[in-house]
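Q: From first to last, the protein sequence lines stand for chains W and D.
Plus 80 on top of the position in the first sequence (first one is 1) and you've got the numbering used here.
Plus 80 on top of the position in the second sequence (first one is 1) and you've got the numbering used here.
Note that the Cβ used here is the ideal one computed from N, Cα and C, for glycine as well.
In this text, all values refer to a predicted model and were calculated from it rather than measured experimentally.
There are 2 protein chains.
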Amino acid sequence: MARTQGSHSDITGPRIRAAAQELFARHGFAAVSMRQIASHVGLQAGALYNYTSDKQSLLVELMQAHMEDLLTAWAAEPKPGDVMGCLEAFVRFHIRYNLQRSDAVFIAYMELRNLTPDNFRQIEAHRRAYEDQLEGVLKDGVEQGVFDVPDTKIAALAVIAMLNGVLTWYRDSGRLSLVEVETIYWDMVRKAVGV
Amino acid sequence: MARTQGSHSDITGPRIRAAAQELFARHGFAAVSMRQIASHVGLQAGALYNYTSDKQSLLVELMQAHMEDLLTAWAAEPKPGDVMGCLEAFVRFHIRYNLQRSDAVFIAYMELRNLTPDNFRQIEAHRRAYEDQLEGVLKDGVEQGVFDVPDTKIAALAVIAMLNGVLTWYRDSGRLSLVEVETIYWDMVRKAVGV
DNA sequence: GTTTTATCTGAACATTTGTTCAGTTATTCA
DNA sequence: TGAATAACTGAACAAATGTTCAGATAAAAC
């Protein structure tokens with residue numbers, strides 16, 4: 081048999097990407113087979129090739145979509161007029177946004193080595209663009225005398241690394257709410273870069 | 081032919097582990113084959129099984145050795161009498177030690193998902209023991225009124241995550257020396273947890 | 001109601017995988 | 001010198017891999 085019921089093209093594609101994202105995040109790109117992905121969607125492996133040219137493309141598309149969504153979401157985030165408020169907005173946005181798509185974040189950080197050089201450069205450029213957003217806030221703050229860091233680039237990387245750490249331990253069922261976690265990290269970031 | 085010259089058992093073992101560590105760190109455990117490891121040492125794949133029972137054991141032994149070395153090295157580190165000095169010692173030690181074995185650190189953080197449950201628990205216990213070392217310093221500091229953090233456990237995780245970020249960008253040939261990097265991070269950590 | 005098309009199956013392909021093991025050689029021990 | 005052993009080769013194994021494609025079937029178009 082073939083098509084079991086209705087037209088599936090517009091729903092099968094997203095389901096494949098969702099299954100791939102979950103499996104890549106859990107087991108790693110190299111450890112997941114096309115047959116496993118297909119099985120999660122209820123397909124045979126061959127059917128995947130109606131939606132992707134090969135396995136690597138599946139990974140690249142997930143990473144690209146994630147990075148672009150991240151940049152778009154931050155651009156759409158309302159920003160206070162003062163740098164201190166901007167930094168707080170970034171911290172809370174980053175924690176909240178990344179926790180809600182931890183699978184995509186894990187992949188974007190762990191599977192860079194499975195990309196071809198071209199694809200790597202593209203994803204890396206996106207990441208740098210995001211880091212530049214934070215560094216811009218820090219630079220403004222330093223100029224205004226609100227922040228004090230010896231190196232805004234390193235400070236930006238340090239802050240992002242610290243915030244990403246939340247992903248390794250946060251659970252929805254844990255003792256702290258999302259907002260409480262945000263506030264704890266915001267306190268530490270504010271003090272770390274403050275005058 | 082077989083043995084080409086001299087007795088190799090005591091030198092081949094370490095060379096295999098070194099090759100495995102480098103390849104696992106660069107391409108990921110699942111993406112590296114036993115034949116690649118053997119080829120890096122100048123052996124056939126079958127010869128590896130004189131030194132390891134299987135591929136997973138090779139990974140576990142690397143991770144265990146790394147975590148135990150880390151705990152031993154920190155235990156041997158001289159510690160000042162005051163908590164502030166202790167925290168500084170931890171920050172500088174962590175950056176320096178981890179940068180000097182970035183391959184082992186990468187593996188210990190990225191390949192946890194390739195471990196069997198038993199092995200995972202063992203490595204995780206080691207990691208927690210290391211985190212507890214830092215949390216102990218923070219707790220003492222809070223009691224003495226030298227530090228101010230709402231949650232010592234989260235603060236410890238945040239500090240370690242921030243320090244680990246160095247691994248993703250530091251290069252020996254970069255514009256900053258190791259000591260300069262240590263100092264920049266120590267400044268941020270000190271302010272982040274300070275009163 | 002017939003033809004066309006989108007969607008999927010199922011089998012096949014050449015490679016590669018981890019692992020085993022009988023045999024081979026260089027070294028060590030008696 | 002001869003026997004024993006440590007260290008390795010090279011071939012083999014079944015299983016799994018990414019990918020292709022002819023054919024089957026349901027839905028859509030006419």
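Quick one: which chain W residues come within Cβ less than 9 angstroms of D:Lys135?
A: For the purposes of this step, residue 135 of chain D is taken as residue 55 along the second sequence, with counting starting at 1. Neighbours of D:Lys135 on chain W: none; closest Cβ ~12 angstroms, over 9 angstroms.
Q: Per DSSP, what kind of secondary structure is D:Met81 in: helix, strand or coil?
A: Locating residue 81 of chain D in the second sequence gives position 1, where the first residue counts as 1. Low confidence applies here, because D:Met81 scores a pLDDT of 42, under 50, leaving its location unreliable; read the following figure in that light. If DSSP states are grouped into helix, strand and coil, D:Met81 belongs with coil.
Q: Label D:Ile264 either buried or exposed according to how many other C-beta atoms from any shown protein chain fall within 10 Å of its C-beta, with 16 as the threshold for buried.
A: Locating residue 264 of chain D in the second sequence gives position 184, counting from the first residue. Only buried fits D:Ile264, as 16 or more other CB atoms lie within 10 angstroms of its CB.
Q: Would you mind reading off the limits of the alpha helix (DSSP H) that contains W:Glu168?
A: Locating residue 168 of chain W in the first sequence gives position 88, where the first residue counts as 1. Start and end: Val163 to Gln180.
Q: Measuring alpha carbon to alpha carbon, tell me which of D:Glu215, D:Gln101 and D:Ala169 ends up nearest D:Pro158.
A: Residue mapping note: residue 158 of chain D aligns to position 78 of the second sequence, counting from 1. Taking only the C-alpha atoms, the option nearest D:Pro158 is D:Ala169.
Q: Taking all protein chains shown into account, do 16 or more other C-beta atoms lie within 10 angstroms of the C-beta of W:Asn244, making it buried, or fewer, making it exposed?
A: The sequence position of residue 244 of chain W within the first sequence is 164, counting from 1. So W:Asn244 ends up on the buried side.
Q: For a test of your reading of the model: does the CB of W:Gly216 fall under 7 angstroms from any non-hydrogen atom of the ligand ADP? Yes or no.
A: Looking for the ligand ADP in the displayed structure turns up nothing, as the structure carries no ligands at all.
Q: On the criterion of 16 or more Cβ atoms from any shown chain inside 10 Å, does W:Ile33 qualify as buried, or is it exposed?
A: Here chain W covers residues 81 to 275 and nothing more, so residue 33 of chain W does not appear.
Q: Name the DSSP bridge partner or partners of D:Gly274?
A: Numbered from its first residue, the second sequence carries residue 274 of chain D at position 194. D:Gly274 is bridged to D:Phe227.
Q: What's the gap between the Cα of W:Thr132 and the Cα of W:Glu141?
A: In the first sequence, residue 132 of chain W corresponds to position 52, counting from 1. In the first sequence, residue 141 of chain W corresponds to position 61, counting from 1. Going from the Cα of W:Thr132 to the Cα of W:Glu141 covers about 9 angstroms.
Q: Please check the pair D:Gly221 and D:Val163, which I expect to be a contact at CB under 8 angstroms, by giving their CB distance rounded to whole angstroms.
A: The residue you call residue 221 of chain D lines up with position 141 of the second sequence. The residue you call residue 163 of chain D lines up with position 83 of the second sequence. Contact holds; Cβ gap of about 4 angstroms.
Q: Out of curiosity, what's the CA-to-CA distance linking D:Ala156 and W:Ser137?
A: In the second sequence, residue 156 of chain D corresponds to position 76, counting from 1. In the first sequence, residue 137 of chain W corresponds to position 57, counting from 1. C-alpha separation (whole angstroms): 48 angstroms.
Q: What does D:Ala241 reach in chain W if we use C-beta pairs closer than 7 angstroms?
A: Stepping through the second sequence from its first residue, residue 241 of chain D is reached at position 161. Contact annotation for D:Ala241 against chain W: Ala241, Met242, Asn244 and Gly245 [CB-CB distance below 7 angstroms, chain order].
Q: May I ask you to report which of helix, strand or coil DSSP gives D:Thr132?
A: Position 52 of the second sequence holds residue 132 of chain D. Coil at D:Thr132, not helix or strand.
Q: Please go through the region 187-234 of chain D and give each complete alpha helix (DSSP H) segment of 4 or more residues, from N-terminal end onward.
A: 197-223
Q: Of all Cβ atoms in chain D, is any one closer than 8 angstroms to the Cβ of W:Met268?
A: The residue given as residue 268 of chain W occupies position 188 in the first sequence. Taking CB atoms only, W:Met268 has a neighbour in chain D less than 8 angstroms away.
Q: Strictly under 8 angstroms for the Cβ-Cβ distance: is W:Gly221 near chain D by that measure?
A: On the first sequence, position 141 is the one that residue 221 of chain W refers to. No, its Cβ sits nowhere closer than 8 angstroms to a Cβ of chain D.
Q: Beta-carbon separation of D:Gln144 and D:Ile187 under 8 angstroms?
A: Position 64 of the second sequence, counted from the first residue, corresponds to residue 144 of chain D. Position 107 of the second sequence, counted from the first residue, corresponds to residue 187 of chain D. It is not a contact, given that the beta carbons lie outside the stated cut-off.
Q: If we cut at 8 angstroms on Cβ distances, does W:Leu237 have a partner in chain D?
A: As a first step, residue 237 of chain W must be located in the first sequence, where it is residue number 157. Closer than 8 angstroms: yes.
Q: Tell me the rounded alpha-carbon separation between D:Arg207 and D:Leu150.
A: Position 127 of the second sequence, counted from the start, is the residue given in the question as residue 207 of chain D. Position 70 of the second sequence, counted from the start, is the residue given in the question as residue 150 of chain D. C-alpha separation (whole angstroms): 10 angstroms.
Q: Near D:Tyr250, what residues of its chain come up, given a Cβ to Cβ distance below 7 angstroms and the 5 sequence neighbours on each side ignored?
A: Within the second sequence, the letter at position 170 stands for residue 250 of chain D. Contacts found: Leu179 and Val261.
Q: At a CB-CB cut-off below 9 angstroms, which residues of chain W make contact with D:Tyr265?
A: Here the question's residue 265 of chain D lines up with position 185 in the second sequence. Neighbours of D:Tyr265 on chain W, chain order: Ile234 and Ala238.
Q: Just the Cα atoms here: how many angstroms apart are D:Glu211 and W:Leu123?
A: Taking the first residue of the second sequence as position 1, residue 211 of chain D is located at position 131. Taking the first residue of the first sequence as position 1, residue 123 of chain W is located at position 43. Going by C-alpha positions, D:Glu211 is about 44 angstroms away from W:Leu123.
Q: What are the boundary residues of the alpha helix (DSSP H) that includes W:Leu123?
A: In the first sequence, the residue the question calls residue 123 of chain W occupies position 43. In this chain, W:Leu123 is not harboured by any alpha helix (DSSP H), its DSSP state being neither H nor E.
Q: Please list the partners that W:Trp154 has in chain D, where partner means a Cβ-to-Cβ separation under 7 angstroms.
A: Against the first sequence, residue 154 of chain W aligns to sequence position 74. By Cβ distance, chain D contributes nothing, its closest Cβ being about 19 angstroms from W:Trp154, past 7 angstroms.
Q: Count the other CB atoms, across all protein chains shown, that sit within 10 Å of the CB of W:Thr152; report buried if there are 16 or more and exposed otherwise.
A: Position 72 of the first sequence, counted from the start, is the residue given in the question as residue 152 of chain W. So W:Thr152 ends up on the exposed side.
Q: Distance, Cα to Cα, W:Lys135 vs W:Val246?
A: Your numbering for residue 135 of chain W matches position 55 in the first sequence. Your numbering for residue 246 of chain W matches position 166 in the first sequence. If I take the Cα positions, the gap works out to 30 angstroms.
Q: How do the region 95-111 of chain W and the region 99-117 of chain D stand: do at least 3 beta-carbon pairs fall below 8 angstroms, yes or no?
A: Because the criterion of three Cβ pairs below 8 angstroms is met, the region 95-111 of chain W and the region 99-117 of chain D touch.
Q: Ignore the nearest five residues each way along the sequence and tell me which others in D:Val269's own chain have a CB closer than 6 angstroms to its CB.
A: Reading the second sequence from its first residue, position 189 is the one you call residue 269 of chain D. The beta carbon of D:Val269 is closer than 6 angstroms to those of Val171 and Val239 in its chain, skipping five residues each way along the sequence.
Q: Would you say D:Asn178 lies against chain W (beta-carbon separation less than 8 angstroms)?
A: Taking the first residue of the second sequence as position 1, residue 178 of chain D is located at position 98. By this cut-off, D:Asn178 is not an interface position.
Q: Let me confirm a value: D:Gln224 is counted as buried when at least 16 other C-beta atoms fall within 10 Å, else exposed. Which label applies?
A: Against the second sequence, residue 224 of chain D aligns to sequence position 144. Exposed, because fewer than 16 other Cβ atoms sit within 10 Å of the Cβ of D:Gln224.
Q: Looking at chain W, is there any beta carbon in it that lies within less than 8 angstroms of the beta carbon of D:Asn194?
A: Taking the first residue of the second sequence as position 1, residue 194 of chain D is located at position 114. Closer than 8 angstroms: yes.
Q: Short check: CB of W:Thr196 to CB of W:Glu215, under 8 angstroms?
A: Position 116 of the first sequence, counted from the start, is the residue given in the question as residue 196 of chain W. Position 135 of the first sequence, counted from the start, is the residue given in the question as residue 215 of chain W. Taking 8 angstroms as the Cβ cut-off, W:Thr196 and W:Glu215 do not qualify as a contacting pair.
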